[in-house]
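Protein chains in written order, with the numbering used here: chain A, 1 to 469; chain B, 1 to 419. Virtual Cβ for every residue (Gly too), placed ideally from N, Cα, C. Computed from a predicted structure; not experimentally measured.
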Amino acid sequence: MAENFDLVVIGGGPGGYVAAIRAAQLGMKTALVEREHLGGICLNWGCIPTKALLASADIYEKMNHAAAFGLSVQGASFDLGKIVERSRGVSKQLSTGVGFLLKKNKVTVFDATAKLVKGIDAPKVIAIAKDGKQTEIIAKNVILATGARARTIPQAGLEPDGNLIWTYKEALVPNTMPKRLLVIGSGAIGIEFASFFKALGAEVTVVEALDRVMPVEDKEISDFAAKQFKKRGMNILTSANVKGLKKTANEVTATIEIGGKAQEITADRVILAVGIVGNVENLGLEELGVKIDRTHIVTDGMGTTNVKGLHAIGDVAGAPWLAHKASHEGISCVEKIAGKHAHPIDPRKVPGCTYATPQVASVGLTEAKAKELGYEIRVGRFPFVGNGKAIALGEPEGLVKTVFDAKTGELLGAHMVGAEVTEMIQGYVVAMGLETTEVQLMDTIFPHPTLSEMMHESVLDAYGRAVHI
Amino acid sequence: MPIDILMPALSPTMEEGVLAKWHVKVGDEIKSGDILAEIETDKATMEVEAVDEGKLLEILVPDGTSGVKINTVIARIEGDGGLAAPAPTVAPAPAAVTPAPAVSAAPVSVNAAPSNNSGERVFASPLARRIAQQNGVDLASIKGTGPNGRIVKADVEGVKGGAKPSVASSNAPQAAAKAPATIANMPYKEGSYDIVPLDGMRRTIAKRLSESFRDVPHFPLNVDIEIDKLLEVRKQLNAQAETMGGKISVNDLIIKATALALKAVPEANASFSDEGILMHHHADVAVAVAIDGGLITPIVRNAELKGILQISNEIKELASKAKNRKLLPEEYSGGTFSVSNLGMFGIKSFSSIINEPQGCILSVGAGEQRPVVKNGALAIATVMSVTLTCDHRVVDGAIGAKWVQSFKGFLENPISLML
C-alpha cells in the first residue's frame, strides 16, 4: 500500500527529527523513517550519553579533590555499571521525549528501514518494518538524514570486535573497566573517552597521527589542552601511526610508529576514534545516480542534491560532523523546500565543543588559518588565572583567545580552553552572526563575577586594553 | 504645556522631506487651520496646517533644511495651560506650488519612487557599516540580504569588490563606477551659466530614469497607425459629448485603446521582480503630464472598465491637479503601463524610458498627413507613429508586437473602442 506525504525524512537524529518538526510547523504533511532509535547517534550513542558519563566522572574527580575545598570525603569509589545505567537512562528519557515531540507535531513515524526507488516528484521511499511489512511512501520531497558511523581501517586491524576493540558504541556500554586503555585518534570523540576513563583511574594512551591533539583546534589551544592532559597523567603520542593491532585473549598490543621508529603498547581495551563515514549504503542511492563524494552526499549547502526532490542534511552531507550543524541544515533545507528565504551554512560560524577536562570550544578561524588567508590580525588572550570566578571555582587553568581582522575589526575566530567554555562560546557565535566588530563587544557589559568576563577581557586584550592582566 | 509640532508624513512612503519654508515666525499666535510651513517631498510640495492653537515658542528646523525625518519635532507652540496629550499636531494639506524654473517636456515619465531606502534608517551590521565606510560605499545604495533586508558584510563586499551590486531601485544617484557629476568636473567657465538647484522632483527624475535606462534591458517597437477614421469618430463623439459638457481628445482615445489592448494582451501588463513577474489585473494607465519643473504621471485606474468620456474627464482633472502640484501620492503611484504623448509638439516619433517597475511605455507622435500606398497607388492618410518601449525581462518581442498590433487595431477600427 502507498501513503502520500509532502515530505518524508529518513533518519531520526538531530538533523532528521528537527527537520521533520520544522516541516510540520510549516504545514507540511510529514513522515519520518527511523530504523533504530529516535534521536539518532547524538542522543543515543553520542553527545548525550557521553555527557552523562563525563558528569559522573567529574563528580568523582571532585570528590577526590574535596580536600582542596575544605571538604573531606572518605572511601570515594564508583560503580561503572551504575554510571553506565544512568547514562543509558538519560538517553532513553530523551529519545522518548523526541517521540512525544514528533507526535505532538503530527509527524508520522515509521519504525523501519528505508530504501529509495525512482519516483515522479522525488524518489519513492519504501519503508521496510522489522516484521518485513513494506510501505510505499510517496512524497514531493525526501530528506536523507541517515547520519554517519565510526570509520574503521580493517587493513591495519582497526576494526571493532565488540570485545577488546571498541568504537564509541561499545565504549559507552563498556563490558569492563579497562586498567590500560589505548585511544586511537584525538578528535572530540577520542579525547572525551580518554578523559572519562582517565578520571576513573585508567592508564590512558592517546595516539594521534597528526602533530598535535585535537588538530582542528587553534594550535595554542590544543597545546594548552595537551599540557593539561599530560598533567593529569595521560600518555599522548603525536605524529604517531598505528601499524597494526595484535590481539590475545585479554589484551591488545599495538605497533606504533613514531618518526620511523616502531614501539609497542599493550592495553586491555582499544577505542577507535579515527573519524567517521557517512551512511550512504543500502539506500538505493547508486541506482538513483545520487552524487556521492567518498562517503558523503554532495549538496549545495542547503541540502539540495543532484536528484530532483532529494535532499541530504547532517553527517551524511559531510563535515563538520556535529549535531547542531545537522539541525540547522535540516531547518534551512525544509525552509528552502517551503519556499522561504534560506541561507546555506557558513562553516565559519559553526561552533565546535569538546567535553574533555579541560573543555575546549571554538568558532571561526584559528590564528594560523587567518594568517594563511592573508588577514592582518589582532589576537587577544586572557588566562583563567586572571578571573575571579575561575579562582573561586578552583579552575585556574584555561585560556580565552580571540582573533580579529585588524583592518575591519571583524571577529574572525574565538578559541577557548578551560572550565565551562562550552557554555560560553555561543556569546561569540552570536557576535559573529550579528557581525559585530570589536566595538560592540567592548561596549557589552558582562556580568560579574562570571567566567564570561574573560571573553570581554580577551577582546580588550586584542586592542591593548585588558584590565585584569 | 508646550505642544510639539512634528514633521508630518505626507504620503505612506514618505520617510523624510525638505522643510522648504516657514509661513509663521516665533511669537505668532497660531490658530487651528493656519498654514505653518511648506514641506517638499520628492513629488510635491505640501502645506502643513496647524491643528493646535497657541503662541509659536520656537522653530527647531529652519527654512530650507533637507532630509528632515518624519516625526522630528520641527517647532513648539505654547498650547493652553492644562492641555496634555500633544496628539497629532499637524495635518498635511496637499496644496501649494513650488516656484520652479525651467519647463521641459521630456519624453519620459516618473512614477512614485518606491522609496524603500531614501532617508529611512538603514539596517546594517556594525561590520558592514565599517567596511562600507572604509571603502566609501554608500549603504543606502545597497540592498541587504540579511534578515529583514539587513545589510551584511557580504552585501557591502559585493559592491566594493565590483561584483554586481544589488543596488536598490531608489537612492543610487550615481552608478558606482561613474565619477560624480559635480560642477567642478565640468568644462564650463564660472559665470557662463546660472545654477538651478535640484528640487525633489528633479532628483527623482534624474535618479529613477538613470537607473531605468541603465538597468532595464529595453527595446523599442515602431508602428504607423492611420487615424482618419479615428478622427472622424472623435468628431462624432464630440458632437455628443459637448452636449454633456465634455470634449474628447485623440489622447483620450489612445488611453482607451491602450487599456483595451492591455486587456487583449495581458502579458504586456506586467512588472518584473526578483521573486517573479507580476501580472496586473487591471490596466492602470499612467499618463505623462509635463508640469513646471518636471513631469508627473497621474494614473487612470481600471481604464479598461471606463468609458471614453469618463477617461477624458479624469485625465483633465488629474492633469490640472498635476499642474498645480496638487496630486495626492495615490494618484500618481502604482500605474502598470505608461503613455507619453508629444504629438502636440509636432514630434514625429520618439521612444521613452521605461517607468519602472512598469513593463512598457508607449510614446505617441503627432498625427500628420503623409503619403501612403494603398492598393498599389499613392494616397494621403493621417498617420501617427507610435513606439512601444518594452522591458525585455517581462515583455519579449513577440508579445510587444502582439500588443502593438492590438492597439493599432483598436485605433484603426475605432468603433471597436465603443464596445
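So is residue i in contact with chain A if we call contact Cβ pairs under 7 Å?
i	result
I423 of chain B	Look at the range of chain B in this structure, 1 to 419, and you will see that residue 423 of chain B is not part of it.
L127 of chain B	yes
V152 of chain B	yes
I131 of chain B	yes
So does residue i have its beta carbon nearer than 6 Å to some heavy atom of the ligand COA?
i	result
W166 of chain A	Absence of the ligand COA is noted for the structure shown, with no ligands found whatsoever.
DSSP three-state call for residue i: helix, strand or coil?
i	result
N235 of chain A	strand
M470 of chain A	For chain A, the structure presents residues 1 to 469; residue 470 of chain A sits outside this window and is missing.
R269 of chain A	strand
F446 of chain A	coil
P45 of chain A	The amino acid occupying residue 45 of chain A in the given sequence is Trp; Pro does not appear at that position. Of the three classes helix, strand and coil, the one that applies to W45 of chain A here is helix, per DSSP.
V173 of chain A	coil
E356 of chain B	coil
V429 of chain A	helix
P147 of chain B	helix
H296 of chain A	strand
F404 of chain A	strand
H282 of chain B	coil
V137 of chain B	coil
T96 of chain A	helix
I189 of chain A	helix
Looking at C-alpha atoms only, which residue of the options is the closest neighbour of residue i?
i	options	result
A472 of chain A	A:G11, A:E61, A:A312	Absent from the model: residue 472 of chain A. The displayed extent of chain A is 1 to 469, so no value can be given.
A23 of chain A	A:G132, A:L373, A:E287, A:V334	A:V334
T422 of chain A	A:G39, A:L285, A:A188, A:F229	A:A188
E47 of chain B	B:I39, B:R130, B:A381	B:I39
S333 of chain B	B:E314, B:T258, B:R301, B:K323	B:R301
G97 of chain A	A:N44, A:G352, A:L80	A:N44
A361 of chain A	A:H415, A:T299, A:L399	A:H415
D429 of chain A	A:L451, A:M455, A:D443, A:T408	Inspection of the sequence shows that residue 429 of chain A is occupied by Val rather than by Asp. Taking only the C-alpha atoms, the option nearest V429 of chain A is A:M455.
L94 of chain A	A:G39, A:G16, A:E170	A:G39
T389 of chain B	B:V364, B:I227, B:I70	B:V364
A401 of chain B	B:G64, B:D63, B:N222	B:N222
R214 of chain B	B:K326, B:L411, B:D391	B:D391
Q440 of chain A	B:F345, B:R129, B:K55	B:R129
K349 of chain A	A:Q359, A:P320, A:D268, A:G374	A:P320
E421 of chain B	B:R393, B:D28, B:M384, B:V394	Past the edges of chain B, shown from 1 to 419, lies residue 421 of chain B, and the structure says nothing about it.
K130 of chain A	A:V33, A:A67, A:A145, A:T205	A:V33
F446 of chain A	A:R35, A:N387, A:L181	A:N387
Y168 of chain A	A:G352, A:D300, A:D443, A:I41	A:I41
For residue i, list the residues DSSP reports as bridge partners.
i	result
G54 of chain B	B:I30
G364 of chain A	A:G413
F5 of chain A	A:A139
L378 of chain B	B:V373
H218 of chain B	B:D391
D111 of chain A	A:E34
R149 of chain A	A:V277
K189 of chain B	Looking at the DSSP assignment, K189 of chain B forms no beta bridge with any residue, so it has no partner.
A312 of chain A	A:L144
When you compare the CB of residue i with every CB in chain B, is at least one pair closer than 7 Å?
i	result
E410 of chain A	yes
T248 of chain A	no
E435 of chain A	yes
Q25 of chain A	no
Q440 of chain A	yes
H456 of chain A	no
Look at the Cβ atom of residue i, then the Cβ atom of residue j, and state whether they are nearer than 7 Å.
i	j	result
F407 of chain B	A261 of chain B	yes
D274 of chain B	I308 of chain B	no
F382 of chain A	E457 of chain A	yes
L412 of chain A	L460 of chain A	no
I142 of chain B	I131 of chain B	no
A57 of chain A	A199 of chain A	yes
L53 of chain A	F197 of chain A	no
P414 of chain B	V233 of chain B	yes
A112 of chain A	I138 of chain A	no
N235 of chain A	T255 of chain A	no
Is residue i close to chain D? Criterion is C-beta to C-beta, closer than 7 Å.
i	result
K143 of chain B	In the structure shown, chain D cannot be found, because the protein chains are A and B.
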